[in-house]
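Right, one structure below, let's go through it.
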Amino acid sequence: MSFRGSDWILLSPELVLTSAGLLLMMMSVSFGKAKEEFLGFVGILSVVATGVALALAAMQPGRAQPALGGMFVLDNFALFFKLLILLSLILTILASVRFVGAAPYPGGEYYALLLFAGVGMLFMVSGANLASIYVALELMALSSYILAGYFKGERKSTEAALKYFILGAFSSGVLLYGISLVYGQTGKLGLADVAQLFASAERSNLTMLGILLILAGLLFKVAAVPFHVWVPDVYEGAPTPITAFFSVGPKLASYAILARIFYVAFPKFAADWGLIVALVAAATMILGNVSALLQTNVKRMLAYSSIAHAGYALLGVLGFSNPFGIWGILVYLLAYLLMNFGVFGLVIFLESHGYAAETVSDFNGLARRNMPAAIVMLLFLLSLAGIPPTAGFIGKYYLFTAAMKAGYAWLAVLAVLMSAVSLFYYFRIAAAMFFSEGDGAKLSGSYALTAAVAICAVGTLAVGVAPEPVLAILRHCVPLS
Amino acid sequence: MQFLTDIHILSLVAYIPLAGALWIVFLVPREKSGAIKAIATGVAVLDFVVSLPLWFAFDRGHDGYQFVEKASWIPSLGVEYHFGIDGISLVLLLLTTLMGVIAVVCSYTAIGERQKEYYVLLLLLQTFMIGTFCCLDFFLFYVFWEIMLVPMYFLIGVWGGERRLYAAIKFFLYTLAGSVLMLLGIIALYFANTTGFLAFKGLGNAPTFSIEKLTAVAAGLPADLQIWLFFAFFLGFAIKVPMFPFHTWLPDAHTEAPTAGSVILAAVLLKMGTYGFVRFSLPMFPEAVKTDWVVSLMVALAIVGIVYGAMVTLVQKDMKKLIAYSSVSHLGFVMLGIFAVNMAGIQGAVLQMINHGISTGALFLLVGIVYERRHTRLIAEYGGLARQMPIYATYFMVMALSSMGLPLLNGFIGEFSILQGAFAKSFWWALFAGTGIILGAAYLLWLYQRVFFGELSNPANAKLPDLSLREQLTLAPLVILALWIGLYPRPLFDVLRLPSEKIVAAVGGRTATAPAMAAGAPPALQEPSR
Numbered sequence: 003m004s005f006r007g008s009d010w011i012l013l014s015p016e017l018v019l020t021s022a023g024l025l026l027m028m029m030s031v032s033f034g035k036a037k038e039e040f041l042g043f044v045g046i047l048s049v050v051a052t053g054v055a056l057a058l059a060a061m062q063p064g065r066a067q068p069a070l071g072g073m074f075v076l077d078n079f080a081l082f083f084k085l086l087i088l089l090s091l092i093l094t095i096l097a098s099v100r101f102v103g104a105a106p107y108p109g110g111e112y113y114a115l116l117l118f119a120g121v122g123m124l125f126m127v128s129g130a131n132l133a134s135i136y137v138a139l140e141l142m143a144l145s146s147y148i149l150a151g152y153f154k155g156e157r158k159s160t161e162a163a164l165k166y167f168i169l170g171a172f173s174s175g176v177l178l179y180g181i182s183l184v185y186g187q188t189g190k191l192g193l194a195d196v197a198q199l200f201a202s203a204e205r206s207n208l209t210m211l212g213i214l215l216i217l218a219g220l221l222f223k224v225a226a227v228p229f230h231v232w233v234p235d236v237y238e239g240a241p242t243p244i245t246a247f248f249s250v251g252p253k254l255a256s257y258a259i260l261a262r263i264f265y266v267a268f269p270k271f272a273a274d275w276g277l278i279v280a281l282v283a284a285a286t287m288i289l290g291n292v293s294a295l296l297q298t299n300v301k302r303m304l305a306y307s308s309i310a311h312a313g314y315a316l317l318g319v320l321g322f323s324n325p326f327g328i329w330g331i332l333v334y335l336l337a338y339l340l341m342n343f344g345v346f347g348l349v350i351f352l353e354s355h356g357y358a359a360e361t362v363s364d365f366n367g368l369a370r371r372n373m374p375a376a377i378v379m380l381l382f383l384l385s386l387a388g389i390p391p392t393a394g395f396i397g398k399y400y401l402f403t404a405a406m407k408a409g410y411a412w413l414a415v416l417a418v419l420m421s422a423v424s425l426f427y428y429f430r431i432a433a434a435m436f437f438s439e440g441d442g443a444k445l446s447g448s449y450a451l452t453a454a455v456a457i458c459a460v461g462t463l464a465v466g467v468a469p470e471p472v473l474a475i476l477r478h479c480v481p482l483s
Numbered sequence: 323m324q325f326l327t328d329i330h331i332l333s334l335v336a337y338i339p340l341a342g343a344l345w346i347v348f349l350v351p352r353e354k355s356g357a358i359k360a361i362a363t364g365v366a367v368l369d370f371v372v373s374l375p376l377w378f379a380f381d382r383g384h385d386g387y388q389f390v391e392k393a394s395w396i397p398s399l400g401v402e403y404h405f406g407i408d409g410i411s412l413v414l415l416l417l418t419t420l421m422g423v424i425a426v427v428c429s430y431t432a433i434g435e436r437q438k439e440y441y442v443l444l445l446l447l448q449t450f451m452i453g454t455f456c457c458l459d460f461f462l463f464y465v466f467w468e469i470m471l472v473p474m475y476f477l478i479g480v481w482g483g484e485r486r487l488y489a490a491i492k493f494f495l496y497t498l499a500g501s502v503l504m505l506l507g508i509i510a511l512y513f514a515n516t517t518g519f520l521a522f523k524g525l526g527n528a529p530t531f532s533i534e535k536l537t538a539v540a541a542g543l544p545a546d547l548q549i550w551l552f553f554a555f556f557l558g559f560a561i562k563v564p565m566f567p568f569h570t571w572l573p574d575a576h577t578e579a580p581t582a583g584s585v586i587l588a589a590v591l592l593k594m595g596t597y598g599f600v601r602f603s604l605p606m607f608p609e610a611v612k613t614d615w616v617v618s619l620m621v622a623l624a625i626v627g628i629v630y631g632a633m634v635t636l637v638q639k640d641m642k643k644l645i646a647y648s649s650v651s652h653l654g655f656v657m658l659g660i661f662a663v664n665m666a667g668i669q670g671a672v673l674q675m676i677n678h679g680i681s682t683g684a685l686f687l688l689v690g691i692v693y694e695r696r697h698t699r700l701i702a703e704y705g706g707l708a709r710q711m712p713i714y715a716t717y718f719m720v721m722a723l724s725s726m727g728l729p730l731l732n733g734f735i736g737e738f739s740i741l742q743g744a745f746a747k748s749f750w751w752a753l754f755a756g757t758g759i760i761l762g763a764a765y766l767l768w769l770y771q772r773v774f775f776g777e778l779s780n781p782a783n784a785k786l787p788d789l790s791l792r793e794q795l796t797l798a799p800l801v802i803l804a805l806w807i808g809l810y811p812r813p814l815f816d817v818l819r820l821p822s823e824k825i826v827a828a829v830g831g832r833t834a835t836a837p838a839m840a841a842g843a844p845p846a847l848q849e850p851s852r
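Keeping their order, the protein sequence lines are chains A and B. Final position of the first sequence in our numbering is 483; the numbers increase by one with none missing. Final position of the second sequence in our numbering is 852; the numbers increase by one with none missing.
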């Protein structure tokens, strides 16, 4: 195992973020509750510093070569995901500042855990070895379990954390078992090595079982049917900024490893796992959308909507034989990050005014109380439903394209019809905002939250109207190394 | 003409309403309802005036798109910002800009609350509709086609009648469900042109969404693939038209929408569907359109729409709903003309699209006018209005006659031309469709009789004021157009001739026009060109 000096530079983003998390832990001891907003500010600064480190690492020549003895790779695919992850961290912190300040729990650990989860995700998307991927995944997952239960005095939050932990640990076990089976077959853990050995290997039941278990473990993380049952409870119970984070951050990273493992290590058996992924995608889209139709609680509805979106994104994993698959995953997850976080931002906005944002009727008359907020919310809803000219449309366009190109025309038909169905529940919120009368009080949000929502709104519209800059980057993200 | 192209006339026409909408949003406070109305009216009139030179500068002898604008938009996908019009889009474009003015002016008193949002949405809708008719790039077309639903959803949902929520979401979902399948059709074409999909080997060309290029590509595809794609597009367009059995959203949306919304829906939005058939389905999938069972199915649905629509219209008790259902019947005629696929049929269909916009738009205006005075649309509530509102009764008479296809008015020319085209294909088509005309006369005359003749029995109607000058101003242009098209339709046929020939030729029909054409008689009055 070789370790070059330049590897440190490639690792610098993760190192910066880890140090910042530790620093925040220490600061939280010496800071009182009153000065917690400053900790949030430090959190944002550390994410920005991580971004600078990432820029330095990106300029490193030969960075796309595997580093750390083949454990770690910083190709363009990973780079793109790291940017998305940093963006999701910044948005989460911005949305949390007032929220954490108002909660009777220490804020330092909150931000630190968030950053640790971020470190795990950064390592995940760079993982080129099943072992390093697994360890990074656990770092992310363990931080997430604690974050879900951050409101330790509240029953719902604790319940969410416990459910998340038990099911998460179980799925990690499944994933690990799958990895061990693959390792037993090949004697290798590096994705490229595994692919090389599989290329000349016969298809055996044991191999298939290993791949299936890995797939199942990862499908749990992206919340695909039938591994989705934890999602509504966890989303409903966790503190809302954390729910917003869960709905985008860990999903991004899980999709990254799902794509990387199956594209790099198991292309040989694409015909086998492709059909399973197609069926899972179909079930996920149907169940997510149909269940969302029945919800009256907004957070649960958004939870089911995020399950449905996980189903759409699986179309990208299917687009194996064509670059549209990877492109679709990348651009769709970018769009999803912006629009889904935006929607949760509005939910937090209402919560900070004492509306629980539990039911759709909490959105009643938002157009009269704060017209810009209502218009921005409408933009996010349109984007989630895939109406042009929004980021969501561009993302879905790529995914539908990938499915068509990969020969899953029936799945593409199902996907477009389901996205028409989704409009029905998204527009229940739109109807409440614009058609119903609410109480007359004007609402305004905190600066930090407004900034987060504004970033999402500008991004959603910009990617929809002028997607070319983003699409031009995508072209450099394929193939994966 | 070059000058108009140089100043990007089409973009100008498309985005003037958008600019007006932004002006109102950012610079006019919501309390100043007078200023908002004035700006909205000014912008709509300006837009109409700017669009008028297109009619005069349009080169009728030039076969192809004119006033073309082209710029790169999303090079990664081959998407271009590409505008241009031919004769068919020209007339629909002008209809849209005219209806835009009328929709704004007819709303002054009808819309009492949230006026700022209302006029902003009307202007936005205007931009999106114009954009749809000008697009020569499929991606751009799809963007306009979808986004158009959003302002209409809010127009119905906020300012509509009692069941507005239901009607608004039904309208949105129906049309959306159809158009997403069209999106898959577009993606399939994209791959057919480039790298292929499923079992089909692509042509290996550079990626493009150009409507002209993809039309040529589609027309060369194998017949079975064409039929699949035809139906992918069919659902998108048929729901919008709406064709039987996809019409159930229409009575709800029309009835619940505010007057201006109904006018725009009838005059322009429904035309998007028929425009789609003429512009895309026919030239792109000639093999499908030549397949017997496909044509039979289309014509059967069209004829069922004509007859069933008319019969349901007969029994309506609500004036607005009556006119809404009559649209199903009228649009059935348009579809029949389109699938006759000959010169008389296609020209008649496009003409009838305009005619339907004029007469049904005017009828919705007229119903809106009494609704504003009485807040009821039930026919039973009226009777004997001719004594109390003679001017109103006259306008209503003219437009009802135009809608039922009386000679000397516009409806006659269109229906005659369509029947002629249908007759050239099959006697039976024309016969069944003809019954629709008879039923049409029945429901309109019966409506007229019940509302206007007899004693003024309901005391609530005794004090109704007749039309104001503003109301007359919204109706007069439509009456003039109806008379003009009825008496001298030749300029319209001139504009429509080349594009129609192109479409008929693409599907392999005969385009030869009879010699009488040169002598100046409208083709509708000539021998069928078989």
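Each residue gets a CB set at the ideal place from its N, CA and C atoms; glycine is no exception.
For residue i, which beta-bridge partners are listed by DSSP?
{"i": "Lys444/A", "result": "DSSP, once it has assigned bridges, lists no residue as partnering Lys444/A."}
{"i": "Val401/B", "result": "Ile396/B"}
{"i": "Phe519/B", "result": "Phe522/B"}
{"i": "Asn131/A", "result": "Gly192/A"}
{"i": "Thr361/A", "result": "Asn299/A"}
{"i": "Ala69/A", "result": "Phe74/A"}
Quick one: is residue i buried, meaning 16 or more other Cβ sit within 10 Å of its Cβ, or exposed?
{"i": "Tyr265/A", "result": "buried"}
{"i": "Thr298/A", "result": "exposed"}
{"i": "Ser173/A", "result": "buried"}
{"i": "Pro811/B", "result": "buried"}
{"i": "Met61/A", "result": "exposed"}
{"i": "Pro15/A", "result": "buried"}
On the three-state DSSP scale, how would you describe residue i?
{"i": "Gln390/B", "result": "Looking at the sequence itself, residue 390/B is Val, so the reference to Gln does not match. It is a strand residue."}
{"i": "Asn291/A", "result": "helix"}
{"i": "Gly422/A", "result": "Sequence inspection shows Ala at residue 422/A; the Gly mentioned does not correspond to that position. Ala422/A: helix per DSSP, three-state reduction."}
{"i": "Leu19/A", "result": "helix"}
{"i": "Ser323/A", "result": "coil"}
{"i": "Ile433/B", "result": "coil"}
{"i": "Ile407/B", "result": "strand"}
{"i": "Ala784/B", "result": "coil"}
{"i": "Cys428/B", "result": "coil"}
{"i": "Ser532/B", "result": "strand"}
What span of residues does the alpha helix (DSSP H) with residue i cover, start to end?
{"i": "His678/B", "result": "665–696"}
{"i": "Glu353/B", "result": "No alpha helix (DSSP H) holds Glu353/B; DSSP gives it neither H nor E."}
{"i": "Phe74/A", "result": "Phe74/A -> no alpha helix (DSSP H), and no H or E assigned at all."}
{"i": "Tyr597/B", "result": "592–598"}
{"i": "Asp574/B", "result": "571–578"}
{"i": "Leu820/B", "result": "812–828"}
{"i": "Pro799/B", "result": "791–809"}
Members of the region 399–410 of chain A near chain B, C-beta cut-off 7 angstroms: Listed by position, the residues of the region 399–410 of chain A near chain B (Cβ gap below 7 angstroms) are Phe402, Thr403, Met406, Lys407, Gly409.
For the region 462–476 of chain B, enumerate the residues whose C-beta is nearer than 8 angstroms to any C-beta of chain A, in chain order. Within the region 462–476 of chain B, contact with chain A at the beta-carbon level (separation under 8 angstroms) is assigned to Tyr464, Val465, Glu468, Ile469, Leu471, Val472, Tyr475, Phe476.
Give the residues from the region 104–115 of chain A that approach chain B closer than 8 angstroms (Cβ to any Cβ), ordered along the chain. For the region 104–115 of chain A, the beta-carbon criterion of a distance under 8 angstroms to any beta-carbon of chain B is satisfied by none of its residues.
Identify each residue in the region 506–524 of chain B for which the Cβ-Cβ distance to at least one residue of chain A is less than 7 angstroms, and report them in chain order. Within the region 506–524 of chain B, the residues whose Cβ lies closer than 7 angstroms to some Cβ of chain A are Leu506, Ile509, Ala510, Phe513, Phe519, Leu520, listed in chain order.
Contact set between the region 658–683 of chain B and chain A, restricted to residues whose Cβ is under 8 angstroms from the partner: Residues: none.
Give, in chain order, every residue of the region 419–433 of chain A whose Cβ lies closer than 9 angstroms to some Cβ of chain B. Residues passing the 9 angstroms Cβ filter: Leu419, Ser421, Ala422, Val423, Leu425, Phe426, Phe429, Arg430, Ala432, Ala433.
Give the residues from the region 434–447 of chain A that approach chain B closer than 7 angstroms (Cβ to any Cβ), ordered along the chain. From the region 434–447 of chain A, only Phe436, Phe437 have a Cβ closer than 7 angstroms to chain B.
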